[in-house]
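Some notes on the structure that comes next.
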Amino acid sequence: MTTLPLPPGDMGRPLIGETIAFAQDPARFVAERRARYGDIFRTNLIGAKTIIMTDEDALAWIFAGEGKYLQNKWNGSTRRLLGEECTAMLVGPEHAQRRALLMPHFRHSAMRAFAPKIQAISVRHFDQWAARGETTVLTAMQTLVFEIIVTLLLGDGADVDISALSKLFRAWTAGIATLPINLPFTTYHRALRAKGQLLAAIDAIVTARRRAPEQPHDILGALLTVRDASGAPLSHDAVVHELHNQLFAGHDTTVTVMTNLMLQLAQHPAVLARARSEVRELAPPSALLDLERLKQAPYMNAVLHESMRYLAPVSGTFRIMLRDMAYKGYRIPQGWTVRLEIAGTHTHDQIWSTPFDFDPERWLPPREEQANRQHSFIPFGGGPRLCLGVNFAWAEMRVMLALLLRDYAWQVAPNQDLSYVMVPFPRPKQGLRVRFGRADETL
Ligand code: HEM
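Numbering-wise (my numbering), the sequence shown opens with residue 102 and increments by one.
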């Protein structure tokens, strides 16, 4: 195996490698190198020797290798910010066991029961946006999605102070994409301090909930009642860190998709009009939305898929090689990083026609560009580490989008930069200011 060559590529400058070009736009970074070197190439990202593989077989190879020849890799600062005791960080049998305990509570059927709450919270927020007349979508969406995820995880009891949690959460997540310099005046230092306070606040909620005579149907209730094969409950620390992790995992991702959707729909009025008329046909005004019917709405779902293809909210994740392996004639060495490439797969020109265009028609007959392909659309990853919240995210996004289409209207406000920043999440640089109102009012 050691006689095999490394994949072709350029390791860039000493230390920083090609990190700057990558961070400007991961999908275009991959497209340019794929044109130069083919589907497998090497680079240096954030100081790590990295191999990027962008063919669909490679994704299957990565999913199959979990715990055998590779495992998940997080950089040191994210690890410190998230802590070790949660699904995203666990590896091997501990990871599999935690997922087996949690999965039943994230099934589609469990999310169906939660949909009316998502609707009630969203309507309250959208009505407030409409009353204000103008709003910055990114920050307003952050507030809305935070309330939804907190309600799913911790419930809506009196002991849950959403606005206090939200402040700590923002200070904590501000540290994720900064330099990990822990000095009193740095954002990273403030993030670590906020992490401690957030954990303490969650800890207090968990402790209070233990005294409840009956556990409500939220994720905290589930975490307190699950038992492993030997009948043992999760430790107190595991419950607190699991909630802390999911608060993080389930927030900025959804915010990103919804903010981008509102811009893309405003920029494509014909798409907006068609999606609106489809939703209005299947969802009578002011009625409770039916998640099953929303799941069947072909055009609205094409729009949602296309938005996550066009700008993958998570552009990719990383794995570390546990031993030397051969892949398609190349050596993939132990200790190197392998990237699970999402944005590059979603813009692969052998799968998608004009991949850098926003075009929902590609999901519908007669084109159906991704039909019969297994791993061409992977916004939630796949294999043993498929996003735990995938069903929740779909339910949440479908309900929010259907409400926006059925009941509200928005227009991009003038004099703003609508270009995107790509890292850590692809979003409109200035947060997208819109004029917003109810659909039956003039904006
Ligand atoms: C549009 C919304 C979302 C997107 C695009 C998304 C995407 C992802 C991706 C790409 C991964 C990593 C997979 C890997 O490394 O192979 C992941 C993992 C994860 N996500 Fe999500 N996610 C979303 C929403 C959510 C929500 C709402 C929750 C929780 C309620 C959640 C909880 C998790 C957890 C716990 C993991 C770790 C899974 C593991 O390592 O086993 N996510 N997600």
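Beta carbons: idealized from backbone N, C-alpha and C, even for Gly.
Would you say the beta carbon of residue i is closer than 7 Å to some non-hydrogen atom of the ligand HEM?
| i | result |
| --- | --- |
| Ile443 | yes |
| Leu383 | no |
| Pro434 | no |
| Asn361 | no |
| His196 | yes |
| Asn145 | no |
| Ile250 | yes |
| Val415 | yes |
| Asn402 | no |
| Ala494 | yes |
| Pro334 | no |
| Pro480 | yes |
| Ala339 | no |
| Thr354 | yes |
| Arg486 | yes |
| Asn176 | no |
| Ala350 | yes |
| Asn283 | no |
| Val192 | no |
| Ala503 | no |
| Arg200 | yes |
Can you find the residues in the same chain that come closer than 7 Å, C-beta to C-beta, to residue i, ignoring five residues on each side of it along the sequence?
| i | result |
| --- | --- |
| Glu379 | Ala398, Tyr400, Met401 |
| Asn145 | Met112, Gly113, Gly118, Glu119, Thr151 |
| Gly430 | Leu105 |
| Arg528 | Leu239, Thr357, Thr360, Asn361, Tyr521, Val522 |
| His206 | Ile320, Ala323 |
| Asn176 | Ile147 |
| Gln198 | Asp329 |
| Trp453 | Arg463, Glu470 |
| Pro317 | Gly256 |
Can you give the Cα-Cα distance for residue i and residue j, rounded to whole angstroms?
| i | j | result |
| --- | --- | --- |
| Ile141 | His449 | 13 Å |
| Leu253 | Ile222 | 11 Å |
| Gly322 | Gln243 | 25 Å |
| Ala305 | Glu315 | 18 Å |
| Ala232 | Arg534 | 15 Å |
| Arg468 | Asp458 | 15 Å |
| His345 | Ile303 | 8 Å |
| Gln229 | Val415 | 29 Å |
| His209 | Lys396 | 11 Å |
| Pro485 | Lys174 | 14 Å |
| Leu502 | Gln220 | 10 Å |
What are the start and end residues of the beta strand (DSSP E) that includes residue i?
| i | result |
| --- | --- |
| Glu442 | 438-442 |
| Gln512 | 509-513 |
| Glu235 | 235-237 |
| Ile433 | 431-433 |
| Ala48 | There is no way to answer for residue 48, as the model of the chain reaches only from 102 to 544. |
Looking at the secondary structure, which residues open and close the alpha helix (DSSP H) in which residue i lies?
| i | result |
| --- | --- |
| Lys296 | 288-311 |
| Gly532 | No alpha helix (DSSP H) contains Gly532, which DSSP labels as neither H nor E. |
| Ile153 | Careful: Ile153 lies outside any alpha helix (DSSP H), inside the beta strand (DSSP E) at 149-154. |
| Val341 | 337-350 |
Do we get a CB-CB distance below 8 Å when we pair residue i with the residues of chain D?
| i | result |
| --- | --- |
| Ala278 | The chain labelled as chain D is not found in the depicted structure, where only one protein chain is given. |
Under 8 Å Cβ to Cβ from residue i, same chain only, skipping five residues before and after it: list those, please.
| i | result |
| --- | --- |
| Trp162 | Met154, Tyr428 |
| Ala216 | Leu390, Leu392, Ala496, Val500 |
Leaving out five residues before and five after residue i in sequence, what residues of the same chain have Cβ atoms less than 6 Å from its Cβ?
| i | result |
| --- | --- |
| Val327 | Leu202 |
| Leu465 | Ala403 |
| Gly351 | Ile250, Gly490 |
| Phe130 | Ala122, Phe123 |
| Thr237 | Gly532, Arg534 |
| Leu373 | Leu366 |
Inset, instruction - Entirely within the segment 156-214 and at least 3 residues each: give me those beta strand (DSSP E) ranges in chain order. - result: The segment 156-214 contains these whole beta strand (DSSP E) runs: 171-173.
Legend entry - Completely contained alpha helix (DSSP H) runs for the segment 353-422, where each covers 4 or more residues: Taken in chain order, the complete alpha helix (DSSP H) segments of 4 residues or longer contained in the segment 353-422 are 353-368, 370-383, 392-396, 399-411.
Inset, instruction - Could you pull out every unbroken beta strand (DSSP E) segment of at least 3 residues lying fully inside the segment 120-144, listed in chain order? - result: DSSP assignment within the segment 120-144 yields no whole beta strand (DSSP E) run of 3 residues or more.
Inset, instruction - Mind listing, in chain order, the continuous alpha helix (DSSP H) runs of no fewer than 4 residues lying wholly within the segment 221-271? - result: The segment 221-271 contains these whole alpha helix (DSSP H) runs: 238-255.
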